[in-house]
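> If you read the sequence shown in the numbering used here, its first letter stands for residue 13, the second for the next number, and so on.
No residue lacks a Cβ here, since even glycine has one placed at the ideal position from N, Cα and C.
Being a predicted model, the structure only gives us computed values, none of them experimental.
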Amino acid sequence: MPKEVQFVVAPPYQGDISCIRLDSATMAILQVKEGEEVLVTAMPRFGLPAGRQARIKVARAKVADEGKGIVRLSSDIREFSVGEKVIVLK
């Protein structure tokens, strides 16, 4: 079974391009390193499959974001919105 973690999308950091920021604990759970890709998919709603997904390169979260249960997607990634719940898989 693939490893997956659920998060809420937080506002992006200015200057980030084509990346998802994950904290070190999440990177360890998913067994990924910076520069590797993860699959991000929208949480299903009302029992219906979400359908939206994207493969995105991993960047390390800033210290202030460690352990908060959030991910930051760069602003060029349009599939997901701030405040939306997503699933991240390796």
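Whose C-beta lies closer than 6 Å to the C-beta of residue 72 among residues of the same chain, with five residues either side of it excluded?
46
> Which residue's Cα is closest to the Cα of residue 24: 78, 101, 82, 100?
Closest in C-alpha terms to residue 24, from the list 78, 101, 82, 100, comes 82.
> Applying the 10 Å Cβ sphere with the 16-neighbour rule, what's the burial state of residue 54?
buried
> Less than 8 Å between the beta carbons of residue 68 and residue 85, yes or no?
yes
> Note down, in chain order, each residue of its chain lying with its Cβ closer than 7 Å to the Cβ of residue 99, except the 5 sequence neighbours on either side.
Around residue 99: 16, 18, 53, 55.
> With residue 54 as the anchor, note down where its beta strand (DSSP E) starts and where it stops.
49 to 54
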